[in-house]
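Enquirer: Here my numbering = 1-based position in the sequence shown + 4. Okay, here's the structure, questions in a sec.
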Amino acid sequence: MKKFEIGKTYDAVVQGEIWSFEYEGIDEDEEDVYIITWMSGECEGLHKSKIEPLVEEAEVLKAAGVIYPRGRSEEEQYKAICLLIEQPTYFFVGEEVPKAVVLSDHYAPGGYKGEKDYLGITYDKAQRMIVVTSRVPDITLPNWIIEKFDVVGTMKIKDKDKIVWQINLK
C-alpha cells in the first residue's frame, strides 16, 4: 500500500494518459476512500483500491522508460514525442535502454477497443529517426506526426506481425 502525503501531487495512468492529482486526505466517513483533486479541478472521493494501482502503474512505466501523453489532444501527443526526442534513453541496471511513447487504442481513429497498445514510438538519436510501430494491420500514420516535425523522408515496412514507420528528421 502506497503512503500518500496531503498536498502532494501524484501521477496516475488513466485510459492510456498520465493524469495528475493532488491528494487531499481520507474521507471522514470512510477510511478506505481517498479525496483527490484532479489537475482539471474536479474533486472526488475514490476507493484506495481504485487509485493506488493507477499510481503504481505510472511509477512502473516511468521506471521502465515509457512516456504517456498528459492528454488526448494532438498537442499533448506531440509534447510527449518531443520529450522522447530530448531524452530518448535512460539507464536501467547500468545499461542504456530506449524510452518509448505509448499511445493506447483510445487514440485510434474509429475507436479501437480493448485497452491495447495502438502505437509505440521510439527515437533513434544517431539516425535522427522517429520509429513508429503498430500491431494493428490496417493502421495509418497520424498526419500530425508528419506535419509537426521537420521530416525529410518516411519509410513504411510491413511484415506479418507489425507495421513500422521510419521517419527521418532534418
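Backbone N, C-alpha and C define an ideal beta-carbon position, used for all residues, glycine too.
Which two residues bound the contiguous beta strand (DSSP E) that contains Tyr38?
Expert: Start at 1 with the first residue of the sequence shown, and residue 38 comes out as number 34. From DSSP, the beta strand (DSSP E) with Tyr38 extends over 37-42.
Enquirer: Identify whether Ser138 lies in helix, strand or coil by the three-state DSSP scheme.
Expert: Within the sequence shown, numbered from 1, the residue matching residue 138 stands at position 134. In this structure, Ser138 counts as strand in the three-state DSSP scheme.
Enquirer: Determine whether the beta carbon atoms of Lys103 and Leu88 lie at a separation below 8 angstroms.
Expert: By 1-based counting over the sequence shown, the position of residue 103 is 99. By 1-based counting over the sequence shown, the position of residue 88 is 84. Closer than 8 angstroms, so yes.
Enquirer: Output yes or no for whether 8 angstroms exceeds the beta carbon distance between Thr137 and Ile167.
Expert: Reading the sequence shown from its first residue, position 133 is the one you call residue 137. Reading the sequence shown from its first residue, position 163 is the one you call residue 167. In contact: Thr137 and Ile167 (Cβ atoms closer than 8 angstroms).
Enquirer: Tell me the DSSP bridge mates of Thr13?
Expert: For the purposes of this step, residue 13 is taken as the residue at position 9 of the sequence shown. For Thr13, which the question treats as bridged, DSSP gives the partners Glu26.
Enquirer: From what residue to what residue does the beta strand (DSSP E) around Gln170 run?
Expert: Residue mapping note: residue 170 aligns to position 166 of the sequence shown, counting from 1. Here the beta strand (DSSP E) through Gln170 covers 167-173.
Enquirer: Check the DSSP bridge columns for Asp128 and list the partner residues they point to.
Expert: To locate residue 128, count along the sequence shown from 1; it is residue 124. Answer is Met133, bridged to Asp128.
Enquirer: What do you reckon, are the CB atoms on Phe153 and Leu173 nearer than 8 angstroms?
Expert: Translated into positions along the sequence shown, residue 153 becomes position 149. Translated into positions along the sequence shown, residue 173 becomes position 169. Yes, the Cβ-Cβ distance between Phe153 and Leu173 is below 8 angstroms.
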